[in-house]
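Here the sequence shown stands for residues 1 to 314, where the numbers follow UniProt numbering.
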Amino acid sequence: MTIFIILLTFHHIVIRGLLGRHTDLMTTSFLTAIPQASCWLVAFTWLFHVLPYSGFLYFYHILFICSYAALMYVFHLAIFSDPGYIEERPSTEADRQNLVINLAESGLLDQRHYCVVCCIRKPLRSKHCKHCNKCVAHFDHHCPWTNNCIGAKNHRYFMQFLVLFFATAILFAFIGLNYVGTVSESLITTDCGSWCAYMTYDAWTVWLCLWCLLNSTWTFFLFIIQSYQISVAKTTNETANWHRYEYLVHPQDHLKPAYMKRMYNPFDKGVWNNCVAFWKTDGALRGRVNHLYEIPGNDGELDGLLMNGAVRMV
């Protein structure tokens, strides 16, 4: 409990005292340090506290090793991989002026089609991230836990991270509580019940197991939400702001107030096709999401590309 109070106080000091404005927190690595520190604490606790005294759980130890190794790999990818930054910009001032003139003549010189920060024409389903200060293709959201945007090229890494984080947390909690429960049986008396004995024997491992279970809950629900959005071919950004994008508003509702608009999703091809498009990578289509500016008609290839982003990984 003392350690928890110290950490909470440190967290408050960092946010209120050192960072100042709330938005500054999202531009630092402070929040992503929390899951990273949790992963390393779990590894050292398992190696030095749990493993030497729980050989009878060898099968679960093997599962934990595999899950933990895979988790750290995809966590690294989710943090450091390119989410789909749009780096192609007009090379000269004349090119930038021509781009603005062409968009203005086409009636497309607005926030939806042109980014005034990056000076580029924004592809379909892209967004300028205020935290990264870059435009991201097929933008889903900016994740504070990875300190990175989630977009066209790393969304699958993020989904794999959620699954493995949940599995690793559950496995560690299962192993840790079984270890504590077995080796502390001799401490259980009429005056000291099971949890009292657990805390008396190894309070650190018990608290860490509870911390893992707590984190597994939000990870599970986030995975469910993300899976649903993938199944209906929507991004988190589009789910929250669909009424701002003309291509997601029912054609008959463009002139209506926001509260009267109905959503129309031209990318939804059915649950099965949406999920297949998300998890399938076609090398011939990689990178082309950066050059899609309008909803394609009946082009099956481009439809497959747009269904919640068939282009995912480099």
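Don't be surprised by glycine CBs; every beta carbon is placed ideally from N, CA and C.
Just so we're clear, the structure is a prediction, and the values are computed from it rather than from any experiment.
Shown here, Met263 sits in a strand according to DSSP, grouped into three states. Taking Phe139 as reference, the option from Asn133, Trp145, Asn178 and Ala152 with the minimal CA-CA separation is Ala152. Taken atom to atom, the span from the alpha-carbon of Tyr53 to that of Tyr198 is near 14 Å. At the C-beta level, Asp202 and Val232 stay beyond 7 Å of one another. The way I'd put it, the region 169 to 180 doesn't touch the region 247 to 262; fewer than three beta-carbon pairs between them come closer than 8 Å. Residues of the same chain with a CB within less than 8 Å of the CB of His250, apart from the 5 flanking positions on each side, are Lys261, Arg262, Met263 and Tyr264 in chain order.
If you ignore the 5 residues before and after Leu213, its C-beta comes within less than 8 Å of the C-beta of Ala169, Ile170 and Ala173, all in its own chain and listed in chain order. Following the DSSP letters along the chain, one finds Ile150 in no alpha helix (DSSP H) but inside the beta strand (DSSP E) bounded by residues Asn148 to Ile150. Exclusion of the five residues before and after Cys118 leaves Ile86, Arg89, His128, Lys134 and Cys135 as the residues of its chain whose Cβ lies within less than 8 Å of its Cβ. Per the Cβ contact rule, the region 99 to 119 is not in contact with the region 143 to 160 (fewer than 3 Cβ pairs under 8 Å). Here the alpha carbon of Pro35 sits roughly 43 Å from the alpha carbon of Thr92. As for any alpha helix (DSSP H) of minimum length 4 sitting wholly inside the region 205 to 256, the runs are 236 to 241, ordered along the chain. In terms of CA proximity to Ala277, Arg156 leads the group Phe221, Met72, Gly176 and Arg156. For His61, the enclosing alpha helix (DSSP H) starts and ends at Tyr58 to Phe80.
The straight-line gap separating the alpha-carbon atoms of Ala69 and Ile101 is approximately 52 Å.
For Val42, same chain residues with a beta-carbon under 6 Å away, outside a window of 5 residues either side, are Phe172 in chain order. Contact annotation: Gly176 and Thr205 have beta-carbon atoms nearer than 7 Å. Bounds of the alpha helix (DSSP H) holding Val163 are His155 to Val183. Secondary structure note for Val136: its beta strand (DSSP E) is the uninterrupted segment Lys134 to Val136.
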